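Visitor: Dropping a structure here in structure tokens format, bear with me for questions.
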Amino acid sequence: MYEVLMKSMLVEYGAVTLKGIQHYIPDKEPRKYLYDLVHDYPNRGGKGFRPGLCIATSKAYGGSTALTLNSAVTLELLHNAFLIHDDVEDESFFRRNKPTMHEYSNKSIAVNVGDAMNALGLYPLLKNRELLGPKLTLDILVEVQHMVTESVEGQALELGWRKDNICTLMDEDYFRMILKKTCWYTCIHPIRIGAIIGSHGSVNPDIFNRLGYFMGVAFQIQDDILNLVAEEKKYGKEIGGDIIEGKRTLILINLMQKCNEKELSVIHKFLSVPIKKRDNKTAARILSLIQDYGCIEYAKNTAKYMAGGALKEFYTIFSKLPDSKDKSFIESIILYMINRDY
Amino acid sequence: MPENKQNQDKNTKRKNNPGEGLFEMFDSNSLLNNAQKVISTAVNVLEEEIAAGILAAKNIEKKIIDVDGIRNDPENLMNRIRRDTHEALDIFLDAFASLSKQLGVLTDTVAKKSENANPESPAQNKSGNSQVIEHDQTVKAGQKITMHISLQDDAITKPVKLDLQITNFTGPGTQKILSRFVQIIPESVSLKPGEVKEIAIKISVPANCKPGHYYSLLLVSQMPLIKNIITLQVI
Chain W
16 MYEVLMKSML
26 VEYGAVTLKG
36 IQHYIPDKEP
46 RKYLYDLVHD
56 YPNRGGKGFR
66 PGLCIATSKA
76 YGGSTALTLN
86 SAVTLELLHN
96 AFLIHDDVED
106 ESFFRRNKPT
116 MHEYSNKSIA
126 VNVGDAMNAL
136 GLYPLLKNRE
146 LLGPKLTLDI
156 LVEVQHMVTE
166 SVEGQALELG
176 WRKDNICTLM
186 DEDYFRMILK
196 KTCWYTCIHP
206 IRIGAIIGSH
216 GSVNPDIFNR
226 LGYFMGVAFQ
236 IQDDILNLVA
246 EEKKYGKEIG
256 GDIIEGKRTL
266 ILINLMQKCN
276 EKELSVIHKF
286 LSVPIKKRDN
296 KTAARILSLI
306 QDYGCIEYAK
316 NTAKYMAGGA
326 LKEFYTIFSK
336 LPDSKDKSFI
346 ESIILYMINR
356 DY
Chain B
967 MPENKQNQDK
977 NTKRKNNPGE
987 GLFEMFDSNS
997 LLNNAQKVIS
1007 TAVNVLEEEI
1017 AAGILAAKNI
1027 EKKIIDVDGI
1037 RNDPENLMNR
1047 IRRDTHEALD
1057 IFLDAFASLS
1067 KQLGVLTDTV
1077 AKKSENANPE
1087 SPAQNKSGNS
1097 QVIEHDQTVK
1107 AGQKITMHIS
1117 LQDDAITKPV
1127 KLDLQITNFT
1137 GPGTQKILSR
1147 FVQIIPESVS
1157 LKPGEVKEIA
1167 IKISVPANCK
1177 PGHYYSLLLV
1187 SQMPLIKNII
1197 TLQVI
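Taken in sequence, the protein lines are chains W and B. Those letters in the first sequence? Residues 16 to 357, by our numbering. Those letters in the second sequence? Residues 967 to 1201, by our numbering.
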């Protein structure tokens, strides 16, 4: 029931945001290696999680889609810019069932398209002034500035771990990295921005930090689990790609905590060579160790605890608001995370 | 092998706390405890990061604005406060102007209805409007200043007589420049369509007037919806 509501509203808010994105992409040259490519990732149809959360929170607080759309467009444009750059940084092959941008063009073009999307993301923020006035526009700009800063810091943490081949990480290291890299921009800031718009600046956005954080961690862990257990077609990326890329997921961190020294040395050696030289045979062995040590189960439980924490925060904050479809939508996302059977 | 490692871990645990591993599986609170542990670790990370963020922001602010330096330079500090106050006043005036405009739209509808009911009523500018007349120069307490304002009304089709009034100037805190210190020359103007007439507003700033931004409303008796906001800075 809640899954149907969640999916239909994600589609609805995703569609309106996509229309908004297309509105802001200039219809001019250079098309072939820039503006045509800017359309590519948004058109592939992502989950629309960020604009969905932002618009729904705004509406739950009395706002509207129209008032929130500019901010939702910025969130989605910046998200897609992150994805393009992330795919280059991770040397990924597939994104949403299609070759990554740098794979079908090249790295230079993909990085430039990502830069263009970051720049395009500023325009809707400026347009906010016409609908929301100077104060809220500035407040939202500060939110976005913090969001981008945290995301690049989180990305730097993880890239640093990979470069230095760190194999001694703890759960709190993972939480910190995910908070910075994912939670702020996937959940915390979309919710905060939505609440700022909906309440016209009367709600203290800090009250949503824990909710967004718990949701973000649960979301990311579940995404990492999917990378190992989902069907490739359904998931849209190469299965086990995270192992090949050496992504420091909670699953890999848990394995490195549990395995014996010999196994740790195999993992360490595998991760010390460049991505393209990592062999599938060792990757399969690491996957097998992950299963043997119950790391996926551990990650599933952690994700559920986090989603539980998110649900508690949700009820604490949103129970004061009148019932609405948008309020139910946010709840449905958390319930989906708790009851997900992969 | 994984199994060995797991057994090893369990053995180590048993050594530390005999029986813990054995009863763990029967502990009904185990799930809740695990959840609390995970949540608590995560929350600590969040709080640390927020605190670090606030500290970093403060440090950046410190780098951009030399807080100690400003504190040690009272004149600079006063200028800063004046500027900030000015900006705050601007925001207030914007809000005031916007409110008046909204009110104007509302009263316009009412005025239109009244006009229909009584077509013989004298012609008036029915659109509510506010404008800010800001004096660029500053004035010291005890000094006099004259502002010149041009009057023109594109909406009139026949000559109209305009009687001008001015309210007290309101300043910082409870400070005021009473309207008796302000003179409008002339107080009454006859304006033809397309004609521009100049009036002067002479303000004698009292000697005990405190520094700050002051504002007042210049009103036209025949056009109650039009409000001209006049600002003045006393240094």
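Beta carbons: idealized from backbone N, C-alpha and C, even for Gly. None of these values were measured; they are calculated from a predicted model.
#1: Should N269(W) be counted as a contact of the ligand ATP given a C-beta to heavy atom distance under 7 angstroms?
#2: Looking at chain B, is there any beta carbon in it that lies within less than 8 angstroms of the beta carbon of D324(W)?
#3: Between the stretch 294–314 of chain W and the stretch 204–222 of chain W, are three or more C-beta pairs nearer than 8 angstroms?
#4: Would you mind sorting Y1180(B) into buried or exposed? The rule is 16 or more other CB atoms within 10 Å of its CB.
#5: Which of the three DSSP states is assigned to S303(W) in this structure?
#6: Would L93(W) pass as an interface residue toward chain B - the criterion being a Cβ-Cβ separation below 8 angstroms?
#7: If we call anything under 8 angstroms between Cβ atoms a contact, is I332(W) one with F229(W)?
#8: Comparing alpha-carbon positions, which option in Y76(W), L147(W), A245(W) and F344(W) lies nearest L326(W)?
#9: Taking the beta strand (DSSP E) that K1168(B) falls in, what are its first and last residues?
#10: Let me know if S86(W) comes out buried or exposed under the rule of 16 or more other beta-carbons within 10 Å of its beta-carbon.
#11: Output needed for Q170(W): all residues of its chain with C-beta closer than 6 angstroms, excluding positions within five of it in sequence on either side, in chain order.
#12: Taking 8 angstroms as the threshold, find out whether the stretch 233–241 of chain W comes into contact with the stretch 97–114 of chain W through three or more Cβ pairs.
#13: Quick one: using the 10 Å Cβ neighbour count with 16 as the cut-off for buried, is K1168(B) buried or exposed?
#14: Return yes when the Cβ of Y138(W) is within less than 8 angstroms of the Cβ of S360(W), no when it is not.
#15: Using only CA atoms, which one of M192(W), G148(W) and K315(W) lies nearest to I14(W)?
#16: In whole angstroms, give me the CA-to-CA distance for E328(W) and E1041(B).
#17: Is N1194(B) helix, strand or coil by DSSP?
#18: Can you list the residues of chain B that N316(W) reaches, using a CB-CB cut of under 9 angstroms?
#19: Across the stretch 61–80 of chain W and the stretch 28–36 of chain W, are there enough close Cβ pairs to call them in contact, namely three or more that are closer than 8 angstroms?
#20: So, for I1201(B): in the same chain, excluding its five sequence neighbours on each side, which residues have a beta-carbon less than 7 angstroms away from its beta-carbon?
#21: List the residues that DSSP assigns as beta-bridge partners of P114(W).
#22: Taking only runs that begin and end inside the stretch 167–227 of chain W, name each unbroken beta strand (DSSP E) of 3 or more residues, in chain order.
#23: Between the alpha carbons of N983(B) and E1014(B), how many angstroms are there, rounded?
#24: Return the residues of the stretch 143–169 of chain W that lie within a Cβ-Cβ distance of less than 7 angstroms from chain B, sorted by chain order.
#25: Going along chain B in order, which residues have a C-beta closer than 8 angstroms to the C-beta of L265(W)?
#26: I'd like to know whether the C-beta of L1059(B) is nearer than 8 angstroms to at least one C-beta of chain W.
#27: Name, please, each residue of chain W whose Cβ falls closer than 9 angstroms to the Cβ of I1151(B).
#28: By a C-beta neighbour count over all protein chains shown, 10 Å radius and 16 as the cutoff for buried, is L135(W) buried or exposed?
#29: Quick check: M352(W) and A318(W), are their CB atoms within less than 8 angstroms of each other?
#30: What did DSSP end up calling Y76(W) once you bin it into helix, strand or coil?
#31: Are the C-beta of E990(B) and some C-beta of chain W separated by less than 8 angstroms?
Guide: On the basis of the coordinates in this document:
#1: The model on display carries no ligand, and the ligand ATP is accordingly not part of it.
#2: Locating residue 324(W) in the first sequence gives position 309, where the first residue counts as 1. In the sequence on display, residue 324(W) carries Gly and not Asp. Output row for G324(W): interface = yes.
#3: no
#4: As a working mapping, residue 1180(B) is identified with position 214 in the second sequence. Per the 10 Å Cβ criterion, buried.
#5: In the first sequence, residue 303(W) corresponds to position 288, counting from 1. DSSP, read as helix, strand or coil, puts S303(W) in helix.
#6: The residue you call residue 93(W) lines up with position 78 of the first sequence. No, L93(W) lies away from the interface with chain B (no Cβ there is under 8 angstroms from its Cβ).
#7: Counted from its first residue, the first sequence places residue 332(W) at position 317. Counted from its first residue, the first sequence places residue 229(W) at position 214. Not in contact: I332(W) and F229(W) (Cβ atoms no closer than 8 angstroms).
#8: The count along the first sequence starts at 1 and reaches residue 326(W) at position 311. That would be F344(W), whose Cα lies nearest to the Cα of L326(W).
#9: Locating residue 1168(B) in the second sequence gives position 202, counting from the first residue. From DSSP, the beta strand (DSSP E) with K1168(B) extends over K1163 to S1170.
#10: Along the first sequence, read from residue 1 onward, the residue named residue 86(W) stands at position 71. The residue is buried, with at least 16 neighbouring Cβ atoms inside 10 Å.
#11: In the first sequence, counting from the first residue as 1, residue 170(W) sits at position 155. Excluding the 5 residues flanking it on each side, Q170(W) has same chain C-beta neighbours closer than 6 angstroms at K196, in chain order.
#12: Contact fails: fewer than three Cβ-Cβ distances are below 8 angstroms.
#13: Working through the second sequence from its first residue, we reach residue 1168(B) at position 202. It is exposed - the Cβ of K1168(B) has fewer than 16 other Cβ atoms within 10 Å.
#14: Residue coverage of chain W in this structure runs from 16 to 357, which leaves residue 360(W) outside it and unanswerable.
#15: The structure shown does not extend to residue 14(W), since chain W is modelled only from 16 through 357, so no value can be given for it.
#16: Sequence index remark: in the first sequence, residue 328(W) carries index 313 (1-based). Sequence index remark: in the second sequence, residue 1041(B) carries index 75 (1-based). The alpha-carbon atoms of E328(W) and E1041(B) are separated by roughly 49 angstroms.
#17: Indexing the second sequence from 1 puts residue 1194(B) at position 228. Three-state result, N1194(B): strand.
#18: Counting from one through the first sequence, the residue named residue 316(W) turns up at place 301. Result: L997, N1000, A1001 and V1004.
#19: yes
#20: Taking the second sequence and counting its residues from 1, the one referred to as residue 1201(B) is at position 235. Cβ neighbours of I1201(B) beyond the five flanking positions: T1104, K1106 and P1177.
#21: Indexing the first sequence from 1 puts residue 114(W) at position 99. DSSP output for P114(W) lists F109(W) as bridge partner(s).
#22: none
#23: Looking up residue 983(B) in the second sequence gives position 17. Looking up residue 1014(B) in the second sequence gives position 48. Residue placement at N983(B) is flagged as unreliable, the pLDDT there being 45, under the threshold of 50; the coordinate-derived value follows with that caveat. Approximately 32 angstroms between the Cα atoms of the pair.
#24: none
#25: Position 250 of the first sequence, counted from the start, is the residue given in the question as residue 265(W). What L265(W) touches in chain B: nothing, since even the nearest Cβ is about 10 angstroms away.
#26: Numbered from 1 along the second sequence, position 93 holds the residue referred to as residue 1059(B). False, the Cβ-Cβ gap to chain W never drops below 8 angstroms.
#27: The residue given as residue 1151(B) occupies position 185 in the second sequence. None at all; the shortest Cβ gap to chain W is about 38 angstroms.
#28: For the purposes of this step, residue 135(W) is identified with residue 120 of the first sequence, where counting begins at 1. The residue in question, L135(W), is buried, as its Cβ has 16 or more Cβ neighbours within 10 Å.
#29: Here residue 352(W) corresponds to residue number 337 of the first sequence, with the count starting at 1. Here residue 318(W) corresponds to residue number 303 of the first sequence, with the count starting at 1. Yes, Cβ-Cβ distance for M352(W) and A318(W) is below 8 angstroms.
#30: Indexing the first sequence from 1 puts residue 76(W) at position 61. In the structure shown, Y76(W) sits in coil (DSSP, three-state: anything other than H, G, I, E or B).
#31: Here residue 990(B) corresponds to residue number 24 of the second sequence, with the count starting at 1. Reliability fails at E990(B), whose pLDDT of 47 lies under 50, so the model's placement of it is uncertain and the value that follows must be treated cautiously. No, its Cβ sits nowhere closer than 8 angstroms to a Cβ of chain W.
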